[in-house]
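Residue numbers (the numbering used here), protein chains in the order written: chain A, 1 to 189; chain B, 1001 to 1189.
Since the structure comes first, as C-alpha cells, the remarks are kept for the end.
2 protein chains.
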Amino acid sequence: MARTQLETSQRILDVAERLVQTRGFNGFSYADIAQALEVTKASLHYHFPSKAELGRRLMERYEAAFAEALRGIDASGGSARAKLERYARIYAGVLRDDRMCLCGMLASDYATLPKAMKEAVKHFFDENERWLAAVLEAGRSAGELEFEGPAQDAARVIVGSLEGAMMLARSYGEPARFDTAAERLLASL
Amino acid sequence: MARTQLETSQRILDVAERLVQTRGFNGFSYADIAQALEVTKASLHYHFPSKAELGRRLMERYEAAFAEALRGIDASGGSARAKLERYARIYAGVLRDDRMCLCGMLASDYATLPKAMKEAVKHFFDENERWLAAVLEAGRSAGELEFEGPAQDAARVIVGSLEGAMMLARSYGEPARFDTAAERLLASL
DNA sequence: GAGGTTCTACCTACTAGTAAGTAATTTGTC
DNA sequence: GACAAATTACTTACTAGTAGGTAGAACCTC
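Here's what the structure looks like:
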C-alpha cells in the first residue's frame, strides 16, 4: 500500500481535471491519466469505477472549490465593482494556466455527458448566476453600479460573456484578450 | 451511380455538421454518419479520406456560408444597429435548430483539432471580428452607436459574448436566454 | 467496357471496464 | 504484544466494443 486512498484519488482528479479543461470530456481516456501518474488503468477503475463517476466527482470538487473562492471574495468586503473584478480574475488565472473553465468546457460537451454531470454543470452556472446577481443588486442599490432590468439577466450576460471570452482567448493563445473583454464588460456597468 | 459525388458529399457534410455542432468533433464517428445516411463507413472514406479532411471541408463550407450571410446583411443597407441585430439573429436561428455555432464548438475542442482546422477556426473568428468592427465603427461615426476604445475590442466582446451565451442557452435548453443576452449586449452600445 | 461510386471484409489501435491475484497495512482477539 | 483476519491499494491479464482507415471486388450509369 504505497499511498493513502485520499492522496491517490486527489492526484487522479488533478490530472483528470486538467485533461477535461484542456481537451474536453471526450478528448481524453483512462490511459492518458494512467500514463501521467504511472499507474495502471485498472488502478484508476479501483478509485473511480466509471468515467461517469470520475466526472461527477470532478464536478463536485470543482464546484466546492469555486464556492469557497466566492466566499473568499464575499469575506474581503470590498465594493461590488471590486468583487466583480476579483471574480473575473479567477477566470483569468485559470486561463493563464492554459485551461478553460471546467464547466465552460463541459457546457460544450453537454449533449454527450452522463445525466448526473449535466445536472452538476447547470447547478454550477446557477450558483454563479445567483452570486453575481446578489453582488450586482447590492452594487446598484448602493448607487455604485448602473444597469437596466433584472440583476439575474445581467448576471447571465456576465457568466456567458466571460466563458465565451475565455474560450476564444484560449484558442488564440492570447490570455490578454480575456482581460480586455472582462474589463470592457465590467466598465459597461 | 445513384447520386452525383457533389450531392453525396454535401449530404455527408450536412450530417457531419450537425454532429459537430451538437456533440463536438470528438463526440461522433464515421459510424454515426454512416448509420444516418445508410451507407458504409468505407463509402465515407471515399469522399473524405480522413476525419481531419472532413473537418477541414466542413469549416470551408461553413465559413463560405457565413460570409455569404454577412454579405446579405451588408446588402440590406439598414442601420448599424439593424445589422447587429440581424447578425445576432443568425446565432439565434442556429440555436433554435438545437445546434451550437460550429466554430464555437470547435473552439472548445481546439486543443485536439488537426492543425488545418485550428487555423480555419481562428480565421472564422477573425472574419467575424473584422465585419463587426467595420459595422461598429460606421455606427459610431454616424452617431448611432456609442462605445469606448477601438472598435476591434468591442467586436471581440460581441463575438465572445454571443458564443458564450449560445453555449449556456443550449445547455439549459432555453434559447430565450440567448435572446435576452444578445438584446442586453446590443443595448449597451 | 470505362469510370465513378459503393460494398464486403478486414486491420490495427484504442476505448471503458472486469476478474483474479497479491503485497502491505490495519484491525480484532487473546 | 503476538497472531490471524480483514482491508487497502494496487497489478497482470483480459474482455467486448468502437475508433479511423484500407484493399479489392461488385455495381451502376454512360
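Glycine included, C-beta positions come from ideal geometry on N, C-alpha and C.
Item to complete: Can you give me the Cβ contacts of E1063(B) inside the same chain, cut-off strictly under 6 Å, excluding the 5 residues immediately before and after it?
Response: Around E1063(B): F1124.
Worksheet item: Where R184(A) and H45(A) are concerned, what is the direct C-alpha to C-alpha distance, given to the nearest angstrom?
Response: About 45 Å.
Fill in: Amino acids of chain A, ordered along the chain, whose beta-carbon sits closer than 9 Å to that of L1095(B)
Those within 9 Å of L1095(B) in chain A number zero; the least Cβ separation is about 12 Å.
Item to complete: Reducing DSSP to helix, strand and coil, say where V15(A) ends up.
Response: Note: V15(A) maps to helix in three-state DSSP.
Worksheet item: What does a CB cutoff of less than 6 Å around A1116(B) pick up in its chain, not counting 5 residues either side in sequence?
Response: Result list for A1116(B): R1056, in chain order.
Worksheet item: Beta-carbon separation of R1023(B) and L1186(B) under 8 Å?
Response: No, they are not a contact pair.
Worksheet entry | DSSP state of C103(A) mapped onto helix, strand, coil | Helix, per DSSP.
Discussion item. Whole angstroms are fine: how far does the CA of Q1035(B) sit from the CA of M105(A)?
Written reply: Going from the Cα of M105(A) to the Cα of Q1035(B) covers about 28 Å.
Practice prompt. Would you mind sorting D1109(B) into buried or exposed? The rule is 16 or more other CB atoms within 10 Å of its CB.
Written response: D1109(B) comes out buried.
Practice prompt. Take the Cβ of E38(A) as the centre, count every other Cβ of all protein chains shown within 10 Å, and call the residue buried at 16 or more, exposed below.
Written response: E38(A) should be labelled exposed.
Practice prompt. Take the Cβ of S88(A) as the centre, count every other Cβ of all protein chains shown within 10 Å, and call the residue buried at 16 or more, exposed below.
Written response: Before going further, note that residue 88(A) is Ala rather than Ser in the sequence given. Buried: at least 16 other Cβ atoms inside 10 Å.
Worksheet item: Comparing the C-beta of N1026(B) with each C-beta of chain A, is any distance below 8 Å?
Response: By this cut-off, N1026(B) is an interface position.
Worksheet item: Distance, Cα to Cα, M1086(B) vs I1073(B)?
Response: The sequence given here places Arg at residue 1086(B); Met does not occur at that position. Straight-line Cα distance between these residues: approximately 7 Å.
Discussion item. Within 10 Å of its beta-carbon, does R170(A) have 16 or more other beta-carbons around it, so buried, or fewer, so exposed?
Written reply: Counting other Cβ atoms within 10 Å of its Cβ, R170(A) reaches 16 or more and is therefore classed as buried.
Discussion item. Quick check: the Cα distance between L1013(B) and Q152(A), rounded to an integer number of angstroms?
Written reply: The alpha-carbon atoms of L1013(B) and Q152(A) are separated by roughly 39 Å.
Item to complete: Kindly list the residues whose CB is nearer than 6 Å to the CB of F147(A), restricted to its own chain and excluding five residues on each side of it in sequence; keep chain order.
Response: If we look at F147(A) and ignore the five residues flanking it on each side, its Cβ neighbours are A154, L189.
Fill in: Residue-chain proximity (D109(A), chain B), Cβ-Cβ < 8 Å
Yes, D109(A) lies at the interface with chain B (some Cβ there is under 8 Å from its Cβ).
Worksheet item: For A165(A), which residues of its own chain have a beta-carbon under 6 Å away from its beta-carbon, when the five flanking residues on both sides are left out?
Response: The residues F178, A181, in chain order, have a CB closer than 6 Å to that of A165(A) in the same chain once the five nearest residues on each side in sequence are set aside.
Practice prompt. Check whether the Cβ of E127(A) lies closer than 8 Å to any Cβ atom in chain B.
Written response: Judged by the 8 Å Cβ criterion, E127(A) is not in contact with chain B.
Worksheet item: Does the beta carbon of R1184(B) come closer than 8 Å to any beta carbon on chain A?
Response: Using a CB distance cut-off of 8 Å, R1184(B) counts as an interface residue toward chain A.
Worksheet item: How about E163(A): is its C-beta nearer than 8 Å to some C-beta of chain B?
Response: Cβ-Cβ to chain B under 8 Å: yes for E163(A).
Worksheet item: If you draw a straight line from the alpha carbon of S1079(B) to that of A1138(B), how long is it in whole angstroms?
Response: So the two alpha carbons sit approximately 9 Å from each other.
Discussion item. For a minimum of 4 consecutive residues, which ranges assigned as the alpha helix (DSSP H) are wholly contained in the region 37-102 of chain A?
Written reply: As far as the region 37-102 of chain A is concerned, its whole alpha helix (DSSP H) runs of at least 4 residues are 41-47, 51-76, 80-96.
Discussion item. Could you give the first and the last residue of the continuous alpha helix (DSSP H) run that contains F1124(B)?
Written reply: Unbroken alpha helix (DSSP H) run through F1124(B): 1115-1141.
Practice prompt. Could you check if E1060(B) is buried or exposed, using at least 16 other CB atoms within 10 Å of its CB as the buried criterion?
Written response: Exposed: under 16 other Cβ atoms inside 10 Å.
Item to complete: Taking all protein chains shown into account, decide if A1002(B) is buried (16 or more other Cβ within 10 angstroms of its Cβ) or exposed.
Response: Summary for A1002(B): the model assigns pLDDT 48, below 50, so the residue's position carries little reliability; its value from the coordinates is reported in the next sentence. Residue burial is scored here from C-beta neighbours: A1002(B) has fewer than 16 other C-beta atoms within 10 angstroms and is therefore classed as exposed.
Worksheet entry | Any chain B beta carbon closer than 8 Å to L168(A) | Closer than 8 Å: yes.
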